[in-house]
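Some notes on the structure that comes next.
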Amino acid sequence: MYTSGEAHFSWTSRRVMLPEDDRYGRSGVAPDTSGVTLDRVLMGSRLMACRDVEQEREYVALAVGAVDGGDDVPVRVVEEERLLLHGPRSGFGPEILVGAEDDDLDDREVTRQLLDGGPLRSLLTRTGAHSVALTCASAHC
Numbered sequence: 002m003y004t005s006g007e008a009h010f011s012w013t014s015r016r017v018m019l020p021e022d023d024r025y026g027r028s029g030v031a032p033d034t035s036g037v038t039l040d041r042v043l044m045g046s047r048l049m050a051c052r053d054v055e056q057e058r059e060y061v062a063l064a065v066g067a068v069d070g071g072d073d074v075p076v077r078v079v080e081e082e083r084l085l086l087h088g089p090r091s092g093f094g095p096e097i098l099v100g101a102e103d104d105d106l107d108d109r110e111v112t113r114q115l116l117d118g119g120p121l122r123s124l125l126t127r128t129g130a131h132s133v134a135l136t137c138a139s140a141h142c
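Mapping of the sequence shown onto the numbering used here: residues 2 to 142, in sequence order.
Encoded structure:
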């Protein structure tokens, strides 16, 4: 019996392929229009932030582990204040944690920006991951 080596995706999970044209992780050259305000490596993780000028909002992400070149890297939304606490305690292997302030960012908004484009998609693309996996609490993401 043949089985697929691809990850399983259900009605509450979605796989999103990230574009390679503006990927930052391998080339080492940041695009001029990236909007990235922070990109630092600390404690084996990569902390990144970008500013959305139109919405006047900052997005923060922490790439934990070997995300560069990864497929189906899990993306989780966590409280921004606890972002650096969740990173070292992550037991899932490589993953990307996205910081949210007071429930202002949820799975639906992350999914929307990844599918339709936006600053968060640009930020996650800079991690170097080939694709990310979003697991949503509801079927509407």
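Cβ coordinates follow ideal geometry from the N, Cα and C atoms, glycine included.
- Query: At what residue ranges does the stretch 47-118 contain a whole run of the beta strand (DSSP E), taking only runs of 3 or more?
  - Reply: 58-65, 74-80, 96-101
- Item | Counted within 10 angstroms of its Cβ, other Cβ atoms place THR38 as buried (16 or more) or exposed | Mapped onto the sequence shown, residue 38 falls at position 37. The residue in question, THR38, is exposed, as its Cβ has fewer than 16 Cβ neighbours within 10 Å.
- alpha helix (DSSP H) containing LEU121: first to last residue? Here the question's residue 121 lines up with position 120 in the sequence shown. 120-126 is the span of the alpha helix (DSSP H), which, as asked, contains LEU121.
- Query: In terms of residues, what are the limits of the beta strand (DSSP E) holding ALA130?
  - Reply: On the sequence shown, residue 130 is found 129 positions in, with the first residue counted as 1. Here ALA130 belongs to no beta strand (DSSP E), and DSSP marks it neither H nor E.
- Contact between the stretch 109-121 and the stretch 82-91: three or more CB pairs below 8 Å? no
- Query: Thinking C-alpha only, which one of VAL74, GLY36, GLU110 is nearest GLU57?
  - Reply: Walking along the sequence shown from the start, residue 57 turns up at place 56. Comparing Cα-Cα distances from GLU57 to each of VAL74, GLY36, GLU110, the minimum goes to GLY36.
- Distance, Cα to Cα, ARG122 vs MET44? Taking the first residue of the sequence shown as position 1, residue 122 is located at position 121. Taking the first residue of the sequence shown as position 1, residue 44 is located at position 43. Their Cα atoms are separated by approximately 24 Å.
- Query: In terms of residues, what are the limits of the beta strand (DSSP E) holding LEU43?
  - Reply: Within the sequence shown, numbered from 1, the residue matching residue 43 stands at position 42. Note, LEU43: beta strand (DSSP E), 37-43.
- Message: Closest to VAL68 by C-alpha separation, out of GLY129, VAL111, MET49, would be which residue?
- Response: Taking the sequence shown and counting its residues from 1, the one referred to as residue 68 is at position 67. The option with the nearest alpha carbon to VAL68 is GLY129.
- Query: If we call anything under 7 Å between Cβ atoms a contact, is ALA101 one with VAL78?
  - Reply: Locating residue 101 in the sequence shown gives position 100, where the first residue counts as 1. Locating residue 78 in the sequence shown gives position 77, where the first residue counts as 1. Yes, they are a contact pair.
- Take GLU81 as the anchor and find which of TYR60, GLY66, ASP72 has the nearest alpha-carbon. Here residue 81 refers to the residue found at position 80 when the sequence shown is read from its first residue. Taking only the C-alpha atoms, the option nearest GLU81 is TYR60.
- Message: Can you confirm whether SER14, when its beta carbon is compared against all beta carbons of chain B, has any partner nearer than 7 Å?
- Response: Within the model displayed, chain B is absent; a lone protein chain is all it includes.
- Task: List the residues that DSSP assigns as beta-bridge partners of ASP136.
- Result: In the sequence shown, the residue the question calls residue 136 occupies position 135. At residue 136 the sequence reads Thr, which differs from the Asp that was named. According to DSSP, THR136 bridges with SER14.
- Query: CB-CB under 6 Å to PRO95, same chain, minus the five flanking residues each way: which ones, in chain order?
  - Reply: Sequence index remark: in the sequence shown, residue 95 carries index 94 (1-based). Only GLY66, ALA67, VAL68, GLY71, VAL74 meet the Cβ criterion.
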